[in-house]
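> Using our numbering, the letters of the first sequence correspond one by one to residues 407 to 595.
Even for Gly, the Cβ is constructed at its ideal location relative to N, Cα and C.
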Amino acid sequence: MSRNTADRKAPLVELPIATSDGIFLAHYSERGLAELDFPNTDGLIAPAGHGNAEPRKPAHPEHATDPQRIPTQFLRWHRTTTEALKRVLAGRAVKALPPLDWTGKTEFQQSVWREMLKLGPGQTKSYGEVAKAIGKPKAVRAVGGACGANPIPVVVPCHRILAAHQKIGGFSSGLDRKRDLLARERINL
DNA sequence: GACAGATGAAGGA
DNA sequence: TCCTTCATCTGTC
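If you want it as structure tokens, here you go:
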């Protein structure tokens, strides 16, 4: 077991993404997209991957990092992230992703998330199938844990991972949101 | 090291 | 079917 959360670097830039679902908040480090926070139904932003964290106010443009001082590389990544997010929310295939910063995450988690990235719109896998795909067929519960720790939901499509027999399983940001995302991809449970 | 967890499978009613 | 129990593996504290 590798445990290297200590060298996790704090994101350098936070940028909001306005969608029909609300304002998502993307966190970028010098390595790429590090986190994506869901908007809450009440307008607050729910941090991804840590369900018991306190929701917080969305960063208004005037409070977010000053656009004038953001390196163009971050702006390029943000354009790619915005496009990818909007495509997923529309149930369409993602054309391109920015580099993803999984620094500090374990090898196991990264292999689970890489497996999720292989799934296109309308495609699903069970936790057991993901466990098999990464060569650890008995690590089904651990796959669930890795899904819950996913810092970049929607873009890394943890909502496409179902429990056995097409049951919905769980979702750190709420089962309703998972059902909604699946419905947009015409996935019937 | 102990414990919890977004599972899965098997067995019994 | 539905429910309960248990095996299994990994992450977190």
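Among all the DSSP beta bridges, which residues are the ones paired with Tyr-434?
For this step, residue 434 is matched to residue 28 along the first sequence. For Tyr-434, which the question treats as bridged, DSSP gives the partners Val-419 and Leu-439.
> Between Leu-495 and Asp-586, what straight-line distance do the alpha-carbon atoms span, to the nearest angstrom?
Indexing the first sequence from 1 puts residue 495 at position 89. Indexing the first sequence from 1 puts residue 586 at position 180. Roughly 9 Å between the two C-alpha positions.
> Cutting at 6 Å between CB atoms, please list the residues of its own chain near Ala-499, excluding the five before and the five after it.
Counted from its first residue, the first sequence places residue 499 at position 93. Excluding positions up to five away in sequence, the list reads Gly-526 and Pro-527.
> Excluding the 5 residues preceding and the 5 following Leu-503 in the sequence, name in chain order all residues of the same chain whose CB lies nearer than 7 Å to its CB.
Reading the first sequence from its first residue, position 97 is the one you call residue 503. Same-chain partners within the cutoff: Thr-486, Ala-490 and Val-561.
> Nearest-angstrom Cα distance between Gln-479 and Lys-524?
Translated into the one-based positions of the first sequence, residue 479 becomes position 73. Translated into the one-based positions of the first sequence, residue 524 becomes position 118. Their Cα atoms are separated by approximately 25 Å.
> Give me the Cα-Cα distance between Leu-421 and Lys-531, rounded to the nearest whole angstrom.
As a position in the first sequence, residue 421 is number 15, starting the count at 1. As a position in the first sequence, residue 531 is number 125, starting the count at 1. Whole-angstrom Cα-Cα distance: 31 Å.
> If we count Cβ pairs, one from each stretch, closer than 8 Å, do we get three or more for the segment 529-545 versus the segment 505-512?
With a cut-off of 8 Å, the segment 505-512 and the segment 529-545 do not count as touching, because too few Cβ pairs lie within range.
> Measuring straight from C-alpha to C-alpha, what distance separates Arg-414 and Thr-512?
Counting from one through the first sequence, the residue named residue 414 turns up at place 8. Counting from one through the first sequence, the residue named residue 512 turns up at place 106. The pLDDT assigned to Arg-414 is 48, lower than 50, so where the model puts this residue is not dependable; a value taken from the coordinates is nonetheless given after this. Computed Cα separation, rounded: 11 Å.
> Name the one or two DSSP bridge partners that Ser-532 has.
In the first sequence, residue 532 corresponds to position 126, counting from 1. Its beta-bridge partners are Leu-568.
> Rank Arg-566, Gln-515, Asp-443 and Gly-580 by C-alpha distance to the C-alpha of Leu-595 and give the top, closest one.
Sequence index remark: in the first sequence, residue 595 carries index 189 (1-based). It is Arg-566 whose Cα lies nearest to the Cα of Leu-595.
> With Phe-444 and Pro-559 assumed to form a contact (beta carbons below 8 Å), what rounded beta-carbon distance in angstroms separates them?
Numbered from its first residue, the first sequence carries residue 444 at position 38. Numbered from its first residue, the first sequence carries residue 559 at position 153. The Cβ separation is near 7 Å, so the contact holds.
> Give every residue of the same chain whose Cβ lies closer than 6 Å to the Cβ of Arg-493, excluding the five residues on either side of it in the sequence, and list them in chain order.
Working through the first sequence from its first residue, we reach residue 493 at position 87. The residues are Val-500.
> Do Phe-430 and Leu-439 have their CB atoms nearer than 9 Å?
Your numbering for residue 430 matches position 24 in the first sequence. Your numbering for residue 439 matches position 33 in the first sequence. Not closer than 9 Å, so no.
> For Val-419, which residues in the same chain have their Cβ closer than 7 Å to its Cβ, ignoring the five residues on either side in sequence?
Taking the first residue of the first sequence as 1, we reach residue 419 at position 13. Contacts found: Tyr-434, Thr-471, Ile-476 and Phe-480.
> By alpha-carbon positions, which one of Val-546, Ala-424, Ile-423 and Arg-520 ends up nearest to Gly-575?
Translated into the one-based positions of the first sequence, residue 575 becomes position 169. Among Val-546, Ala-424, Ile-423 and Arg-520, the Cα nearest to that of Gly-575 belongs to Val-546.
> Between Lys-573, Glu-436 and His-484, which lies nearest to Ala-424 when the distance is taken from Cα to Cα?
On the first sequence, position 18 is the one that residue 424 refers to. Of the listed residues, the one whose Cα sits closest to Ala-424 is His-484.
> Here's the rule: buried if 16 or more other CB atoms are within 10 angstroms of the residue's CB, otherwise exposed. What is Leu-588?
Numbered from its first residue, the first sequence carries residue 588 at position 182. That one is buried.
> Is Ala-545 helix, strand or coil by DSSP?
As a first step, residue 545 is located in the first sequence; it is residue number 139 there, counting from the start. The answer is coil: DSSP assigns Ala-545 none of H, G, I, E or B.
> Using CA atoms only, rank isn't needed, just tell me which of Gly-497, Thr-488, His-571 and Gly-551 is closest to Ser-517.
On the first sequence, position 111 is the one that residue 517 refers to. Comparing Cα positions, the closest option is Gly-551.
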